[in-house]
Every structure is written in C-alpha cells, then in structure tokens.
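Q: Each residue of the sequence shown is one higher than the last, beginning at 1 in full-length UniProt numbering.
Just passing along the structure, written as structure tokens.
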Amino acid sequence: MTATRHDGRAPDETREVRITRGWLDHAEGSVLVEFGRTRVLCAASFTEGVPRWLKGKGTGWVTAEYAMLPRATNTRSDRESVKGRIGGRTHEISRLIGRSLRAVIDTKALGENTIVLDCDVLQADGGTRTAAITGAYVALADAIEDARRKGLIGKGAQPLTGSVAAVSVGIVGGQAVIDLDYPEDSTAETDMNVVMTGDGRYIEVQGTAEGEPFDRALLDDLLELAAKGCADLTAAQQAALASTSEGAVS
C-alpha cells in the first residue's frame with residue numbers, strides 16, 4: 001500500500017474524523033460527526049413507552065431515520081417530505097442504521113423505552129451512511145446515560161452490549177482503499193460498506209462490483225482494510241465519550 005490517492009492519503013488512511021458531542025441543546029444525545037467534508041448530525045431522542053406491538057413484553061426499541069438536506073450536495077434536491085414519498089435509498093439507509101445500533105443493544109435492559117436516532121446529512125462527500133452509524137452510536141450512548149441520570153432506566157442497567165462503527169472500502173484505479181470520498185466513490189470498480197462491533201465482529205457487509213467482479217482474495221483485502229478502519233473509528237468514539245466535557249474530539 002504505497003500509492004497515494006488524489007487527496008494525498010495512503011490507501012489504508014481514513015479521512016480526518018471529528019466527533020462533536022452535545023451539538024444540540026434539547027436532544028438527549030447529539031453528535032456532529034465529520035468524515036472529512038462529509039458532515040452528519042445525529043440526534044438521539046429517548047421517550048418512555050414502546051410501539052404497540054412491543055407493549056407489555058418488557059423490552060425496548062431502537063430505530064433510526066436518515067435524511068439528506070436539500071443542499072448537502074452540489075445541486076439542490078427536493079425534500080422528500082415535500083415530494084410526499086420517501087425514496088428507496090433513504091429507507092434502505094434508515095433500516096441499516098437501525099439494524100446496526102440494535103446489534104449492540106440489550107432491549108430487556110433498556111426497559112419499555114424507545115430511542116430514535118435521527119441522522120441528517122448536512123454535507124455529503126461520500127460515506128454518509130458509515131458516518132451516520134459511527135456518530136449515531138455516540139449519540140445513543142449519551143442518551144442512555146442521560147436516561148440513567150434521570151432515573152428512567154436502572155442505575156445498574158447496561159443496555160449497551162458493545163460499540164458499533166462503520167467504514168467504506170473499495171477498489172479505485174485497481175487499488176484497495178478505505179473511506180472513499182465522492183470522487184473515489186463515483187468511480188470505484190468495487191464499493192463496499194462494512195459495519196463492525198468494537199471487538200471486531202461483523203454486523204453487516206454490503207459489497208457490489210460496479211464493473212469487473214471481485215475474487216475472494218480481493219474481498220479479504222477489503223475486509224482487512226475495513227477492520228483497521230473500524231478499529232480506528234472505535235478508538236475515536238471512545239475518546240469522545242471519555243472526554244469530561246462535550247465538544248469536538250478528532
């Protein structure tokens with residue numbers, strides 16, 4: 001991995017990552033997460049009660065909604081709420097974020113409470129879904145601790161069973177690279193998103209050959225890159241959560 005990329009990064013180097021906690025005044029947990037020029041605002045809302053189909057079962061629920069602001073990209077896109085129809089991509093990413101977070105939640109320990117993660121893309125430069133998952137975990141952790149302080153969950157309850165982070169990998173110009181920005185993502189021969197727990201287990205792998213199919217050896221190379229990237233992101237998450245004051249951690 002000696003070749004450099006268009007922005008000067010090494011193939012196994014992520015963009016600069018910044019995690020700013022407490023970005024909103026009213027949400028129980030909120031984070032502005034930045035993967036380079038990609039910026040996503042993640043807000044965690046904790047409410048008592050669960051959807052009707054879970055009432056009386058003694059378990060909680062965690063779900064997510066994803067959206068992109070009209071000028072998150074170089075041209076304006078209409079708000080989906082104005083269109084009156086949520087697009088397939090938005091549904092897919094919302095479900096991915098929800099699945100990823102539920103993988104590290106003990107719903108019994110959460111009790112009959114609901115946490116909704118709203119992930120809004122302020123600026124998109126590739127990797128919005130992976131940034132959303134990575135930031136949403138920190139917002140989720142803050143919302144749980146806020147609920148604990150308010151007595152909404154038990155002092156000894158441990159709803160979080162681990163951490164979760166996500167990163168993109170792909171083949172660009174024949175080279176395996178990590179954390180693709182838009183110029184790389186738009187020209188990648190293979191594009192993959194990998195979601196992992198903090199202890200190195202896989203939650204989800206989404207991979208597509210945009211051109212020539214990839215073989216097992218290439219898949220192994222990409223997964224190895226993703227494991228390194230997710231480990232680095234986990235360290236950034238833990239550093240942000242360990243900070244005594246809410247603010248930006250790079």
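Note that CB positions come from ideal geometry on N, CA and C, so glycine has one too.
How many angstroms separate the CA atom of residue 135 from the CA atom of residue 113?
A: Looking at the two C-alpha atoms, the distance is approximately 21 Å.
Q: Short check: CB of residue 176 to CB of residue 221, under 9 Å?
A: Contact flag set, yes.
Q: Could you tell me the boundaries of the beta strand (DSSP E) in which residue 49 lies?
A: Neither: residue 49 is in no beta strand (DSSP E) and is coded neither H nor E.
Q: Going by C-alpha to C-alpha distance, which of 159, 240, 143 sits closest to residue 25?
A: The shortest C-alpha separation from residue 25 is found at 143.
Q: If you draw a straight line from the alpha carbon of residue 326 to that of residue 213, how long is it in whole angstroms?
A: In the structure displayed, the chain extends from 1 to 250; residue 326 sits before or after that span and is not available.
Q: Please confirm whether residue 39 and residue 29 have their CB atoms less than 9 Å apart.
A: For residue 39 and residue 29, no; Cβs fall outside 9 Å.
Q: Going by beta carbon distance, what residues of the same chain come within less than 7 Å of residue 211, once the five residues before and after it are set aside?
A: Counting only Cβ-Cβ distances below 7 Å, and skipping sequence neighbours, we find 189.
Q: Short check: CB of residue 126 to CB of residue 168, under 9 Å?
A: Yes, the Cβ-Cβ distance between residue 126 and residue 168 is below 9 Å.
Q: Please work out which residues of its chain come closer than 8 Å, Cβ to Cβ, to residue 90, disregarding the five sequence neighbours upstream and downstream, and give them in chain order.
A: 66, 67, 68, 80, listed in sequence order.
Q: Assign residue 129 to buried or exposed, taking buried as 16 or more other Cβ atoms, counted over all protein chains shown, within 10 Å of its Cβ.
A: It is buried - the Cβ of residue 129 has at least 16 other Cβ atoms within 10 Å.
Q: Under a three-way DSSP split, which group does residue 138 fall into?
A: Note: residue 138 maps to helix in three-state DSSP.
Q: Quick check: the Cα distance between residue 141 and residue 59, rounded to an integer number of angstroms?
A: The alpha-carbon atoms of residue 141 and residue 59 are separated by roughly 18 Å.
Q: How about residue 110 and residue 139: do their beta carbons lie closer than 9 Å?
A: Contact flag unset, no.
Q: Helix, strand or coil for residue 75? Go by DSSP, reduced to three states.
A: Residue 75: coil per DSSP, three-state reduction.
Q: Any idea what DSSP makes of residue 123, helix, strand or coil?
A: Residue 123 falls in the strand class under three-state DSSP.
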